[in-house]
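Notes follow once the structure below has been shown.
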Amino acid sequence: MRWIGGVDRALVGVGATPVERGVGYGTGAAGAGIAVAGLPAGLAPWAYGLVALVAFDLFGGAAVNATATAKRQFHAPHRTTRHHLAFVAAHGQPFLLALAVPALAWSTAAAVYALALAGAVAVTAAPAAARRPAAFGVTVLAIAATPTTPPEVAWLAPVLYVKLLLGHLLPEDAPESHG
Numbered sequence: 001m002r003w004i005g006g007v008d009r010a011l012v013g014v015g016a017t018p019v020e021r022g023v024g025y026g027t028g029a030a031g032a033g034i035a036v037a038g039l040p041a042g043l044a045p046w047a048y049g050l051v052a053l054v055a056f057d058l059f060g061g062a063a064v065n066a067t068a069t070a071k072r073q074f075h076a077p078h079r080t081t082r083h084h085l086a087f088v089a090a091h092g093q094p095f096l097l098a099l100a101v102p103a104l105a106w107s108t109a110a111a112v113y114a115l116a117l118a119g120a121v122a123v124t125a126a127p128a129a130a131r132r133p134a135a136f137g138v139t140v141l142a143i144a145a146t147p148t149t150p151p152e153v154a155w156l157a158p159v160l161y162v163k164l165l166l167g168h169l170l171p172e173d174a175p176e177s178h179g
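For the record, in the sequence shown the residue sitting at position 160 is 160 according to our numbering, with numbers rising by one throughout.
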């Protein structure tokens with residue numbers, strides 16, 4: 001069962017504390033429950049499972065990406081802008097949800113994905129001292145610019161943006177501002 005430790009490290013980071021694990025897994029499980037409870041009856045069984053898995057990743061990842069363990073891992077000296085943008089680009093979950101939930105248009109999924117990626121480019125291009133307010137600014141703008149999503153996946157865009165733009169891209173400590 002050594003693989004369980006590997007999965008745990010991939011999900012919550014190397015050296016995560018019990019509290020970090022609990023918050024990450026608890027938020028993920030609660031988010032999965034909320035997401036599945038909001039689905040209409042009559043979807044294929046695999047669709048419920050896929051939505052639960054995506055929601056677990058996004059909700060749990062939003063909490064995990066805010067932990068000190070994740071910040072140390074994602075903002076280690078060898079990590080570059082390219083690493084951060086690749087991490088964001090790898091989050092194709094809007095398309096998985098469009099596959100599972102017929103009410104979610106592919107064009108809306110593409111818009112959510114594009115807004116997350118464009119937001120990440122803007123945040124990583126900002127000077128270090130402006131990165132935190134830039135991340136909050138692009139997050140609220142992305143939420144406002146997101147096309148209307150169906151109620152069953154209304155959580156998708158805001159949770160994805162929080163996970164990636166506020167959680168993943170921001171280092172733990174804000175740099176000092178000098179005027």
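Virtual Cβ for every residue (Gly too), placed ideally from N, Cα, C.
TODO: Report all residues from its chain with a CB closer than 8 Å to the CB of LEU160; omit the five preceding and five following residues, and keep chain order.
DONE: For the purposes of this step, residue 160 is identified with residue 160 of the sequence shown, where counting begins at 1. Here the set comprises LEU58, HIS91, GLN93, PRO94, VAL112, ALA116.
Open item on the list: One question on the structure: do VAL64 and ALA70 come within less than 8 Å of each other, judged by their Cβ atoms?
Closed with: Numbered from 1 along the sequence shown, position 64 holds the residue referred to as residue 64. Numbered from 1 along the sequence shown, position 70 holds the residue referred to as residue 70. Contact: yes.
Task: Under 8 Å between C-beta atoms of HIS84 and THR124 - done: Residue mapping note: residue 84 aligns to position 84 of the sequence shown, counting from 1. Residue mapping note: residue 124 aligns to position 124 of the sequence shown, counting from 1. Closer than 8 Å, so yes.
- [ ] Compute the Euclidean distance between the alpha carbons of GLY33 and TYR48, then round it to the nearest angstrom.
- [x] One-based indexing of the sequence shown puts residue 33 at position 33. One-based indexing of the sequence shown puts residue 48 at position 48. Taking the straight line from one Cα to the other gives about 10 Å.
Task: Neighbour-count burial assignment, HIS168, 16 or more Cβ in a 10 Å radius - done: Looking up residue 168 in the sequence shown gives position 168. When all chains shown are included, HIS168 counts as buried.
Open item on the list: Using only CA atoms, which one of THR67, VAL51, THR108 lies nearest to GLY22?
Closed with: Within the sequence shown, numbered from 1, the residue matching residue 22 stands at position 22. Relative to the Cα of GLY22, the nearest Cα in the group THR67, VAL51, THR108 belongs to THR67.
- [ ] With DSSP as the reference, label GLY92 as helix, strand or coil.
- [x] By 1-based counting over the sequence shown, the position of residue 92 is 92. The answer is coil: DSSP assigns GLY92 none of H, G, I, E or B.
Task: Distance, GLY26 Cα to LEU11 Cα - done: Residue mapping note: residue 11 aligns to position 11 of the sequence shown, counting from 1. Residue mapping note: residue 26 aligns to position 26 of the sequence shown, counting from 1. C-alpha separation (whole angstroms): 13 Å.
Open item on the list: So, with DSSP's three-state summary, where would you put GLU176?
Closed with: Here the question's residue 176 lines up with position 176 in the sequence shown. Summary for GLU176: the model assigns pLDDT 46, below 50, so the residue's position carries little reliability; its value from the coordinates is reported in the next sentence. In the structure shown, GLU176 sits in coil (DSSP, three-state: anything other than H, G, I, E or B).
Task: Environment of ARG131 [buried if 16+ CB atoms lie within 10 Å] - done: Here residue 131 corresponds to residue number 131 of the sequence shown, with the count starting at 1. When all chains shown are included, ARG131 counts as buried.
Open item on the list: For GLY61 and PHE87, what's the separation of their Cα atoms in angstroms?
Closed with: The residue you call residue 61 lines up with position 61 of the sequence shown. The residue you call residue 87 lines up with position 87 of the sequence shown. Cα to Cα, GLY61 sits roughly 12 Å from PHE87.
Task: Straight-line Cα distance separating ALA44 from VAL140 - done: Indexing the sequence shown from 1 puts residue 140 at position 140. Indexing the sequence shown from 1 puts residue 44 at position 44. Answer to the nearest angstrom: the Cα atoms are 34 Å apart.
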